[in-house]
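> In order, the protein sequence lines correspond to chains A and B.
According to my numbering, numbering within the first sequence proceeds without interruption in unit steps and concludes at 1162.
According to my numbering, numbering within the second sequence proceeds without interruption in unit steps and concludes at 1162.
No residue lacks a Cβ here, since even glycine has one placed at the ideal position from N, Cα and C.
Okay, here's the structure, questions in a sec.
Protein chains: 2
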Amino acid sequence: MLEKYILAAKREKKCDLVLKNATYVDVFTASIKKGDIAVVGEKIVGVGEYEGEREIDCSSLTVLPGYIDGHVHIESSQLSPEEFASLIVPRGTTTIIADPHEITNVCGMAGCEYIAKASESVPLDVKIQLPSCVPATPFETSGAVLEGKDIEENIGNSYIFGLGEFMNYPGVIYCVPDVLKKLEAAHAAGKVIDGHAPAVYGYELNAYLCGGITTDHECVTKEEIEEKISKGVYVHIRHGSSTQNLGNAKYMTDGNMRRFILCTDDRHAADLKEKGHLDDALRRIVADGTDPVRAVICATLNCAECYGLKWRGAIAPFYLADLVAVDDLKSFNAKYVVKSGKLVAENGKPLFDTSKRYLPSSVLNTVHLKEMKADDFILTLKGKRAKAMTIEPGGVVTGCEIVEVDSRNGDVVLDGTDLLKLTVVERHKMTGNIGRALFKGYGFKGGALGITIAHDSHNIILMGDDNESMARAANRLKEIGGGMVIVEKGGDVHSLTLDIAGLMSSRDAEGLQRDSRALIEKAHSMGVKREYEAFMSLAFLSLAVIPRLKVTDAGLFDVEKFAFTEIDA
Amino acid sequence: MLEKYILAAKREKKCDLVLKNATYVDVFTASIKKGDIAVVGEKIVGVGEYEGEREIDCSSLTVLPGYIDGHVHIESSQLSPEEFASLIVPRGTTTIIADPHEITNVCGMAGCEYIAKASESVPLDVKIQLPSCVPATPFETSGAVLEGKDIEENIGNSYIFGLGEFMNYPGVIYCVPDVLKKLEAAHAAGKVIDGHAPAVYGYELNAYLCGGITTDHECVTKEEIEEKISKGVYVHIRHGSSTQNLGNAKYMTDGNMRRFILCTDDRHAADLKEKGHLDDALRRIVADGTDPVRAVICATLNCAECYGLKWRGAIAPFYLADLVAVDDLKSFNAKYVVKSGKLVAENGKPLFDTSKRYLPSSVLNTVHLKEMKADDFILTLKGKRAKAMTIEPGGVVTGCEIVEVDSRNGDVVLDGTDLLKLTVVERHKMTGNIGRALFKGYGFKGGALGITIAHDSHNIILMGDDNESMARAANRLKEIGGGMVIVEKGGDVHSLTLDIAGLMSSRDAEGLQRDSRALIEKAHSMGVKREYEAFMSLAFLSLAVIPRLKVTDAGLFDVEKFAFTEIDA
């Protein structure tokens, strides 16, 4: 095994692949050097003057180690892992730390296993973090529950890399026994634990970190970053579609810079396709003043060190030949991408088969529902004053407005108001749970729209002004196995299938986006205000950890009181 | 398990130990901070304002993470691991990466196991690197041979941390199959491999590193350091008794500083006792201009990262409570040392029981020899011109001088010359091997002196001008189970026992040193020139990898020709 590397390293054997005359980033000395980068099998064997069976002229390019995304939910792209790889590998990302939190909420361990296995056919190393908080809250019905004993049972699986973001930081700080059991299981297995502790400071932060937690991707202020790094945390610089903290890069110093890593967390297919992945993060932080070599180190060596990924994240002998050749350290425009020694992308296009799909039955047909009827959507109030949810600017925090509303035959009357019914229908376990709420100001009229993405348990969330349309919408979602739907009152049904767990599509990104855009346009044509993301804004109205009023399949939830509440005001 | 840390971290429970009002080095941000350092069990739970069952006022002290010695042969101290710990722990060292290369050459795996087990009773974490090159050369008889299959068999042992310094760099570069087998076994077990590649550069260095080697402690020049770091190597700053490269610290930059670590390699008991251990290294590099915070990082976090020692090398929540409180960052004078949460040394004195000795029979009585007679030391030459070994300034490189020498009754005549017989007697396997040589200029007269430390196979090496005395010396070494001896011709025998493998003493350092000094003085009184280290200079005359002429139990060896040679010139 080693002989082939050694012989080629000392030039007694031709290399398999040589990136000739490359300028490259030496992450160990934080400098820029020149040479031929020699590759044998999956390894770099050296830099110098080398000959290869295949040679690529890199005289006008700068070669970097392949990027490592420190924290990502593939599901947020709505793409299969294979298709996701086809978008991000050509951008230069060769390793991701993936937390399949969403699909595991739907499918349990089968979701984790699916992401791992589906990733095997693509030239992207997908390190699976076992989701630590499934469900994210106890106030809803998820498809799966991972208790302490489940984490104990699964954390040692060969395809599990570590324990995913520990969002339940109050559970750690308040020493909830089953929460501690999860952490202890991860430590016993010697696995790294990702953190998630927005605005946790001081003694509470000390307590949280005493859970043995390594990272945080929620930092946003200088003070928070400094405190967390000082307490041993690796801090992510995040380039999500909506959640961003690229500004964190500004707080790097000579002294603390090894503790910063890049990640994307949640990034939509459109952004991946049009703007990019970590390449876009690099481009932006460099444009914003970060030293490009330092930026590259955050995207490579730092992340490898954080996650204990040996022989990865650098251009040096015996390191994994994950390489990206870019035009320059400003555009980060990827010309060639090499993964484990193989050229896998050129000029932004994948050179690997992107058509394969691993589709086990365990992640398909995940909408389990009895036939819904119009009457299921009746909303009966005791009086005339009700709480209506609103969305505040920013898109995820909701408000509560007290509204006057009439009823007729035991059902609220929405005609002539800007109110809509917002309903969460449990879709995992046939509990028949239906959570009901009123929503004000979405703008939609004349039917129903719905989606099977509803954070974090991913039940069906529907909005509408017509019971019959809402029932038809739910039934269509069941029929297609999950996705998005619009029902025109007494008319057509328009839908888009997200066949994988109701969260992701097995189609290619381009077709999916085209149809998705059409459906979103349809929603806007039926009145959904442009300030909302038609479907994805709905998806966060069930997330009962973000203020103020949310609705789950178990009912209306007052996040500030941390308790269910009545719609009647 | 985690609950006690978390409760104390948020001050709902008193801590076990608090270092009050400490100034401390924050290795993550490379800065100096202040606070109470709170400890529960073996962990740090936080820094802030804390109360403890026990509190130590550190208001005039600076607290650092316990030091980690990146590479050390305990045997070079001639002390047991227990006594070694009693000297270095009070200096602030709490973890060592120990390569029991010497004792393994004598005792095989039992030597490794002994070092591991003996270390269990002392508050020092001893991470055992399985010696990779036993014997160091094929030109001598050692007590044990560790072939590739032996490494395969043992590298996974629970008490083995990694693979020790791979001195056989030509074996790697030339792809010797059994050498590669050793490296491959270590990789298969996921273990770190230490390097040793003095003045190996360029393509040969690429080849060596393609063995998957992580460190080098032999760097001395700026160019060598820069090349090695750039190629992914962690470079040691070494503070041995004779081998030193503290000057390496000068080549640290903002960009490469995380790749420097401290070590001592070989350090004598007298230096440990009088000058210190890594504290002395820190003192010196800081005196020489290295930023003290950066120096501390090299002695702590960097080393922990290099060797994958998680939760070690920093003062932060969940990190191992290995701490040293020093007067200041100039003297590095250790006032208190805390190991795994326990106060284990104060004012340079150990607070732990230093009298325990683990002494398994496998490392005792290791001198296996038939009774030697005067005739065994006859040296017969064919002619009158002979090669005589000399020692060049520096102490380990030897020269070869052609001398005229008379013979009588088939034995050389040494009277009236400054020649001595230098003889290596195999002492492991009763082979009866005797290697003979002539040595010029040592100064000794009137008997014999000898020692069972003779690098790296540690046979008996004897020097003398009288056959009878040499035989008596060998027999005394057998009788005492190894050590050092001086025989006065026709008179007294003076000896000092190194009962552990003939390399180390089970006594305390003070008694050993006193007696050792007396014996050394005796040697000088019998003529050994002051420029030599009486016994320890002998110990390197058998090291057949250092130029030019050496003698092993198999005969006189010409290192430059890499072949045995005749004494006759």
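1. On the three-pair Cβ rule with 8 Å, is the region 685–696 of chain B touching the region 1121–1133 of chain B?
2. For chain B, is any of its Cβ atoms less than 8 Å away from the one on residue 1168/A?
3. Give the straight-line distance between the Cα atoms of residue 803/B and residue 797/B, rounded to the nearest whole angstrom.
4. For a minimum of 3 consecutive residues, which ranges assigned as the beta strand (DSSP E) are wholly contained in the region 666–698 of chain A?
5. Could you tell me whether the region 1036–1048 of chain A touches the region 1124–1135 of chain A, where touching means 3 or more Cβ pairs closer than 8 Å?
6. For residue 1000/A, which three-state DSSP category applies?
7. For residue 763/A, report the span of its alpha helix (DSSP H) as first-last.
8. Mind listing the chain B neighbours of residue 916/A? Cutoff is C-beta to C-beta under 9 Å, in chain order.
9. Starting from the Cα of residue 1087/A, find the closest Cα among 1102/A, 1097/A, 1114/A, 1103/A and give me that residue.
10. In the region 850–871 of chain A, which residues sit with their C-beta less than 8 Å from some C-beta in chain B, listed in chain order?
11. Look up residue 736/A in the DSSP assignment and say whether it is helix, strand or coil.
12. Which residues in chain B have a C-beta closer than 8 Å to the C-beta of residue 835/A? List them in chain order.
13. Cβ of residue 741/A within 8 Å of Cβ of residue 780/A?
14. Do residue 685/B and residue 660/B have their beta-carbon atoms positioned less than 8 Å apart in this structure?
15. So, are the CB atoms of residue 758/B and residue 870/B less than 8 Å apart?
16. Beta-carbon of residue 1121/A versus every beta-carbon of chain B: anything under 8 Å?
17. I need the straight-line Cα distance from residue 735/B to residue 727/B, nearest angstrom please.
18. Please report the residue range of the alpha helix (DSSP H) in which residue 886/A lies.
19. Let me check one thing: in DSSP terms, what residues is residue 648/A bridge-paired to?
20. According to the Cβ coordinates, are residue 725/A and residue 775/A closer than 8 Å?
21. Specify the secondary structure class of residue 815/A as computed by DSSP and reduced to three states.
22. Give me the subset of the region 813–824 of chain B whose CB atoms are less than 9 Å from a CB atom of chain A, sorted by chain position.
23. Inspect the beta-carbon positions of residue 613/B and residue 651/B and report whether they are closer than 8 Å.
24. Based on the DSSP secondary-structure assignment, which residues constitute the bridge partners of residue 832/B?
25. Using a beta-carbon distance below 8 Å, is residue 800/A in contact with chain B?
26. Just checking: is the beta-carbon of residue 1023/A within a distance shorter than 8 Å of some beta-carbon in chain B?
27. Closer than 7 Å by beta-carbon distance: list the chain A residues that pair up with residue 600/B, in chain order.
28. Apart from the five residues just before and just after residue 1094/A, which ones in its own chain have a Cβ nearer than 6 Å to its Cβ?
29. If the cut is a Cβ gap below 7 Å, which residues of chain A does residue 797/B touch?
30. Nearest chain B C-beta to residue 1128/A closer than 8 Å, yes or no?
31. The alpha helix (DSSP H) that contains residue 872/B, what's its start and end?
32. Let me know the secondary structure DSSP gives residue 596/A once reduced to three states.
33. So what does DSSP say about residue 1100/A, is it helix, strand or coil?
34. Express the C-alpha separation of residue 830/A and residue 950/A in angstroms, rounding to a whole number.
35. Quick check on residue 911/B - is its C-beta less than 8 Å from some C-beta in chain A?
36. Quickly, what does DSSP pair residue 662/A with across the bridge? List them, please.
On the basis of the supplied data:
1. no
2. Lying before the first or after the last residue shown, residue 1168/A is absent from chain A, which here runs from 594 to 1162.
3. 10 Å
4. 686–691
5. yes
6. strand
7. 762–766
8. None at all; the shortest Cβ gap to chain B is about 15 Å.
9. 1114/A
10. 851, 852
11. coil
12. Those do not exist, as residue 835/A stays about 30 Å from chain B at its closest Cβ, beyond 8 Å.
13. no
14. yes
15. no
16. no
17. 8 Å
18. 885–892
19. 611/A
20. yes
21. helix
22. 819, 822, 823, 824
23. yes
24. 837/B
25. yes
26. no
27. 768
28. 696, 699, 700, 956, 959
29. 603
30. no
31. 871–880
32. helix
33. coil
34. 31 Å
35. yes
36. 689/A
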